[in-house]
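To start, the structure itself, in structure tokens.
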């Protein structure tokens, strides 16, 4: 899977297209890993701003606990006919 870095100054066209697709979506799927290694997938609202995708969750949520243990996450849009998956660090 190709990787793109939004901090490198000029934005890659593929990364710009990814942000555009996420900007047009109301929600996405948030994937994280539980402390015992099991995956956790949940719908979540998000916003794209300044070359990043932000999500909001409660401090005591499963998502928050997972990210504190392992910050590796994935986001996916619900459009199964035109899949888009982004992986990164929370």
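Residue numbers (the working numbering): 1 to 90.
Note that beta-carbon positions come from the ideal geometry of N, C-alpha and C, so glycine has one too.
First and last residue of the uninterrupted alpha helix (DSSP H) at residue i
i: residue 68; result: 62-69
i: residue 25; result: Here residue 25 belongs to no alpha helix (DSSP H), and DSSP marks it neither H nor E.
Counterpart residues of residue i in DSSP-defined beta bridges
i: residue 32; result: 40
i: residue 57; result: Paired residue(s): none; residue 57 is not in a bridge.
i: residue 87; result: 74
7 angstroms CB neighbourhood of residue i in its chain, flanking five on each side removed
i: residue 18; result: 84 and 86
DSSP three-state assignment for residue i, whether helix, strand or coil
i: residue 75; result: strand
i: residue 1; result: Interpretation of residue 1 is limited by its pLDDT of 45, a score under 50 that renders its predicted location unreliable; the figure taken from the coordinates is listed afterwards. Coil, per DSSP.
Span of the beta strand (DSSP E) around residue i
i: residue 83; result: Run containing residue 83: none; DSSP gives neither H nor E here.
Beta-carbon proximity list for residue i, same chain, < 6 angstroms, skipping 5 on both sides
i: residue 45; result: 27
i: residue 1; result: In this prediction, residue 1 has a pLDDT of 45, which is less than 50 and means its spatial position is unreliable; nothing more can be read from the coordinates.
i: residue 42; result: 30
Contact set for residue i: own chain, Cβ-Cβ below 8 angstroms, skip 5 residues either direction
i: residue 89; result: 71, 72 and 73
i: residue 39; result: 31, 32 and 33
Nearest-angstrom Cα separation, counted from residue j out to residue i
i: residue 12; j: residue 51; result: 11 angstroms
i: residue 68; j: residue 33; result: 10 angstroms
i: residue 23; j: residue 48; result: 6 angstroms
i: residue 16; j: residue 62; result: 30 angstroms
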